[in-house]
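There are 2 protein chains.
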Amino acid sequence: MRTLFHQQLDALTARVASMCGRAGEEMARATEALLSADLSLAEQVISDHEHLTAARAEAENMVMGLLATQAPVARDLRIVFCALQSVADAERMGGLAVHVAEIARRRHPAHAVPKQLEEKVAEMARIAVDLANHARDAVLNGDTEQASRIAREDAVVNLLHRQLWAAPMEDTWTGGVECAVDLTLLSRFYERFADHAVTIGGRVVFNVTGRNPLRSAPAQRGTA
Amino acid sequence: MRTLFHQQLDALTARVASMCGRAGEEMARATEALLSADLSLAEQVISDHEHLTAARAEAENMVMGLLATQAPVARDLRIVFCALQSVADAERMGGLAVHVAEIARRRHPAHAVPKQLEEKVAEMARIAVDLANHARDAVLNGDTEQASRIAREDAVVNLLHRQLWAAPMEDTWTGGVECAVDLTLLSRFYERFADHAVTIGGRVVFNVTGRNPLRSAPAQRGTA
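Same order as they appear, the protein sequences are chains A and B. Taking the working numbering, I'd label the letters of the first sequence as residues 1 to 224. Taking the working numbering, I'd label the letters of the second sequence as residues 1001 to 1224.
Structure (structure tokens):
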């Protein structure tokens, strides 16, 4: 039989997972708005972010309630502790989706991404959204194998990030300054989004094993 | 007489404050490295960041220990809770200083910032570092007046951010694409750094009053 405490812990875990999934959806929609220069979709993404902000506040209240009434220790405390940090990551992931949507809105009716780079941006976005979904599933099932997979797939995001970063520096670049700036920011937003998913996955490993695989990873040193 | 618990809480608060101060120092040194194209200083900033990462890990262990052994409630719990979040912000602020130093390193021996914008970047950096120091003092003294001041002064950072952002889009821009990209990123790094200081200040207000002044501030919606 589950105690009330463990029911509360399960509810908190489900909340973290659903926030990861929601962040993935926001980023998928923001990318669609970006690549199709869809102003109304971009504005929806921006205004819908309040749901994720509210979900984080609720999750924090759940944590406060749990700590105050149940005083968890050892592994249970670790799970509560990680949940608190992961909801912050998930909200920031949603914030990055908002930034993508804001670029789409600012450049409308023009397209922010040059035709020849659309496919690369779409691929980067697709993998980033996948990582958010992997994080959701890994959190929900306490699945360390899936959590570790996030870090491996993130390597592809980093590779695409370097390629997109380099594109405006080439002699063949004809996109102009504004487009170069937007592309650099977009690439950074997707890369940071994916990094947060990696961080959440690292916490799943920490919850289960007590070891934090990210402590030694310089890429996770908190890049704002 | 202070209980052991309150001594631990004071130690935790002092740790948060010292991390804010340290982040400010890192950003000041990173900016010096940037504006004087000083490679060795840039590399020092990058390698010194491990101290802030370690300080965060220690602070998290202090929090875990406090929660497990003292089971704080009400206002005490709120303080512990906020400390946990603020050390994450302070570490990210240090991470942003590292990003500034990385740009200095990548562009060395060239200067990343065009001569005519050096003063504006220096001013933005100076205010951002001031805000980190205000955050340090506000945390240490539980000073809500100083905490509120951070948000007011952040408005100047946001203004400078918009100006720096616009500079490469002007017809008179002769700095080229790479320089435009770096300037955009630098401006964003300082702006984010200042935002984290605002967030930490908001938590000081929350600790004292129980109300979070940032919940309604869209600029704080977690942007990476």
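We put the beta carbon where it would ideally sit given N, CA and C, even for glycine.
query	result
Chain B contact residues for A:T174, given Cβ-Cβ distances below 8 Å	None at all; the shortest Cβ gap to chain B is about 11 Å.
8 Å Cβ shell around B:A1122 - same chain, five flanking residues per side excluded	T1031 and L1035
Neighbour flag for A:V181 against chain B, beta carbons, 7 Å	yes
Best match in A:P114, A:A151 and A:F206 for proximity to A:T184 [C-alpha to C-alpha]	A:P114
Residues near A:P218 in its chain [Cβ-Cβ closer than 6 Å; skip 5 each side]	Legend: pLDDT at A:P218 = 38, less than 50; position of this residue unreliable, value from coordinates given subsequently. Here the set comprises nothing.
Cβ-Cβ distance between A:A28 and A:A90 below 7 Å	no
Helix, strand or coil at A:R221 [DSSP, three-state]	Annotation note: pLDDT 40 at A:R221 (below 50); position unreliable, no value reported.
Per-residue DSSP class, three states only, for A:G175	coil
Close-in-space but distant-in-sequence residues of the same chain around B:L1066 (CB under 6 Å, 5 per side omitted)	Q1008 and V1080
Through-space distance from A:D76 to B:A1068, alpha-carbon basis	10 Å
Any chain A beta carbon closer than 7 Å to B:T1184	yes
Three CB pairs or more closer than 8 Å across the segment 1165-1179 of chain B and the segment 1046-1054 of chain B	no
C-beta contact flag for B:A1194 and B:D1154 at 7 Å	yes
Uninterrupted alpha helix (DSSP H) stretches inside the segment 1134-1212 of chain B (no shorter than 4 residues)	1144-1166 and 1176-1209
Contact list for A:V177 against chain B, beta-carbon separation under 7 Å	P1168, M1169, W1173, V1177 and A1180
Any C-beta of chain B under 7 Å from that of A:A71	yes
Cβ neighbour criterion (16 or more within 10 Å) applied to A:D130	buried
Closer than 7 Å to chain B by CB, A:L4	no
B:V1113, DSSP secondary structure in three states	coil
B:M1093 versus A:M19: straight-line alpha-carbon distance, rounded	25 Å
B:L1077 at chain A interface by Cβ criterion, 7 Å	yes
Inter-residue spacing [alpha-carbon to alpha-carbon] between A:L96 and A:L186	9 Å
Alpha-carbon to alpha-carbon, A:Q163 and A:P233	Because chain A in this structure spans residues 1 to 224, residue 233 of chain A falls outside the shown range and cannot be described.
Simplified DSSP state of A:V73, which is helix, strand or coil	coil
CB contact check: A:V45 to chain B, cutoff 7 Å	no
Chain-ordered chain A contacts of B:L1067 [CB-CB under 7 Å]	L67 and L77
Own chain residues within Cβ distance below 6 Å of B:V1198, not counting five before or after	I1150, A1151 and D1154
Selected residue, minimal CA-CA separation from B:D1137, among B:L1004, B:F1005, B:T1003 and B:R1015	B:R1015
Residue burial classification, A:G202 (beta-carbon count within 10 angstroms, cutoff 16)	buried
Where B:E1108 falls: helix, strand or coil (DSSP)	Note on identity: in this sequence residue 1108 of chain B is His, with Glu being the wrong assignment. Correct three-state label for B:H1108: coil.
Under 7 Å from the C-beta of B:A1194: neighbouring residues of chain A	Ordered by position in chain A, no residue passes the 7 Å Cβ test against B:A1194, which lies about 11 Å from the chain.
Proximity of A:V204 and A:V156 at Cβ, strictly below 7 Å	no
Cβ-based contacts, 8 Å cut-off: residues of the segment 119-142 of chain A near chain B	none
B:T1013 burial status per 10 Å Cβ neighbour count (16 or more: buried)	buried
Min CB distance B:H1051 to chain A below 7 Å	no
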